[in-house]
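With the numbering used here applied, the sequence shown closes on residue 358, and no number is skipped along the way. Positions of the beta carbon are idealized from the N, C-alpha and C atoms, including for glycine. As the structure is a computational prediction, the values presented were derived from the model and not from experiment.
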Amino acid sequence: MNEIFENRELFACAAGIFLAAAAVGLFSARRSGGNGAGRARRVAELFLAAAAWTLLSCALGERGSRGGHLPVSNIFEIFQALGWCAVFSAVFLRAVWALRVPVFFATGTAGLLCALGFANVRGWDILPVSADAFTGTPWIGVHAAFATIGYACFSAAAMVWWIFLLQNSALRKRRTHRFFSRLPDLSTLDRISTRLCSAGLVFFGVGVAVGVAALAGNFTLSSTLAVYKTGLSVLIFFGFAGVRILRGQNKISALKFARAGTAIFVAAIVLLGGMACLRDDNGAHPAAIISHGEKTGSEVAK
57 MNEIFENREL
67 FACAAGIFLA
77 AAAVGLFSAR
87 RSGGNGAGRA
97 RRVAELFLAA
107 AAWTLLSCAL
117 GERGSRGGHL
127 PVSNIFEIFQ
137 ALGWCAVFSA
147 VFLRAVWALR
157 VPVFFATGTA
167 GLLCALGFAN
177 VRGWDILPVS
187 ADAFTGTPWI
197 GVHAAFATIG
207 YACFSAAAMV
217 WWIFLLQNSA
227 LRKRRTHRFF
237 SRLPDLSTLD
247 RISTRLCSAG
257 LVFFGVGVAV
267 GVAALAGNFT
277 LSSTLAVYKT
287 GLSVLIFFGF
297 AGVRILRGQN
307 KISALKFARA
317 GTAIFVAAIV
327 LLGGMACLRD
337 DNGAHPAAII
347 SHGEKTGSEV
357 AK
């Protein structure tokens, strides 16, 4: 069960197409004009974005059906799922709040997240060490699903924060390029990012709580690495909760809220990804941090 997934071609293609779409979109934004060439570039950008998202959807669906588990069972799959959610979030924001997230922001974020999954692909893209660790109980599936949805909300909030920082910088430096006039105003961006952060706290909080309860109740910790990983998730939750509460009480400005939220999001990605590279005291991979019944860390590692 500790074999490594090998068919990652669809994920690599999706990441490359996302980044290509972002490059086309960024070039089109800088050369925004209303001529035919500009329209052709925008059509190409949308086509590439749709193709990459469809390809990534098929890859995740195939991975889940073939493995018999939610396609968020390891760090590699989580990065791919977050990339998928980045594009979906942009569509959601447009449909619900009429917030026009530039396509190159969404595709660039998705491409970077998908590409980050390949940073340590042989260490991150491994099957769950035991079926019981992920599919033997519904609670672990609930934990993974809610935590991933929470991260997806934070990813969407991060996109809005990046747009806020870009728009704020343009206003401060009095940039008058047509591209900046097409971005939403700062108050709208602040309001949407606050709602997304709140939604992320709800979902991620439920996921962390379920994970902690499962580990402390019906499951045993196979190593101190599990404690560190759970503790880091709790710190991430309180980090986002802290800046959200401060913003709700107007104790920090919208600019500081965007900067702090972006910093926490980036730190969470880096720290969780780095922790996934570690192994526990018994040599087991982090995917084995939850063991069922009387299994020990050394048994799982075997």
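Quick one, are the C-beta atoms of Leu245 and Ile219 less than 8 Å apart?
Locating residue 245 in the sequence shown gives position 189, where the first residue counts as 1. Locating residue 219 in the sequence shown gives position 163, where the first residue counts as 1. It is a contact, given that the beta carbons lie within the stated cut-off.
Classify Ser145 as buried or exposed, calling it buried when 16 or more other Cβ atoms lie within 10 Å of its own Cβ.
On the sequence shown, position 89 is the one that residue 145 refers to. Result: buried.
Whole angstroms are fine: how far does the CA of Ala96 sit from the CA of Gly72?
The residue you call residue 72 lines up with position 16 of the sequence shown. The residue you call residue 96 lines up with position 40 of the sequence shown. Roughly 20 Å separates the two Cα atoms.
What's the gap between the Cα of Val143 and the Cα of Ala265?
Residue numbering aside, residue 143 sits at position 87 when the sequence shown is read from its first letter. Residue numbering aside, residue 265 sits at position 209 when the sequence shown is read from its first letter. Cα to Cα, the separation comes out at about 27 Å.
Report yes or no: do the stretch 285-297 and the stretch 214-228 share at least 3 C-beta pairs separated by less than 8 Å?
Touching, no, given that fewer than three Cβ pairs across the two stretches are closer than 8 Å.
Helix, strand or coil: how does DSSP classify Gln305 here?
Within the sequence shown, numbered from 1, the residue matching residue 305 stands at position 249. Gln305 falls in the coil class under three-state DSSP.
Output the boundary residues of the alpha helix (DSSP H) element that contains Asp246.
For the purposes of this step, residue 246 is taken as the residue at position 190 of the sequence shown. Counting along the chain, the alpha helix (DSSP H) containing Asp246 begins and ends at Leu242 to Ala272.
Classify Asp241 as buried or exposed, calling it buried when 16 or more other Cβ atoms lie within 10 Å of its own Cβ.
For the purposes of this step, residue 241 is identified with residue 185 of the sequence shown, where counting begins at 1. By the neighbour-count rule (16 or more Cβ atoms within 10 Å), Asp241 is not buried but exposed.
Could you spell out where the alpha helix (DSSP H) holding Phe160 opens and where it closes?
One-based indexing of the sequence shown puts residue 160 at position 104. That run of the alpha helix (DSSP H) goes Val159 to Leu172.
Please return the same chain residues whose Cβ sits closer than 6 Å to the Cβ of Phe202, not counting the five positions on each side in sequence.
Looking up residue 202 in the sequence shown gives position 146. Same-chain partners within the cutoff: Phe259, Val262 and Gly263.
Ignore the nearest five residues each way along the sequence and tell me which others in Val216's own chain have a CB closer than 6 Å to its CB.
As a first step, residue 216 must be located in the sequence shown, where it is residue number 160. Here the set comprises Leu245, Ile248 and Ser249.
With a 10 Å radius around its C-beta and 16 neighbouring C-beta atoms as the bar for buried, classify Thr204 as buried or exposed.
In the sequence shown, the residue the question calls residue 204 occupies position 148. Thr204 is buried by the Cβ-count criterion.
Whole angstroms is fine: what's the gap from Arg119's alpha carbon to Glu101's?
Here residue 119 is taken as the residue at index 63 of the sequence shown, counted from 1. Here residue 101 is taken as the residue at index 45 of the sequence shown, counted from 1. Roughly 27 Å between the two C-alpha positions.
So, is the C-beta of Phe132 closer than 8 Å to a C-beta in chain B?
Protein chain content of the structure displayed is limited to a single chain, and chain B is not contained in it.
In angstroms, rounded to a whole number, what distance separates the CA positions of Phe359 and Gly173?
What is shown of the chain runs 57 to 358, which leaves residue 359 out entirely.
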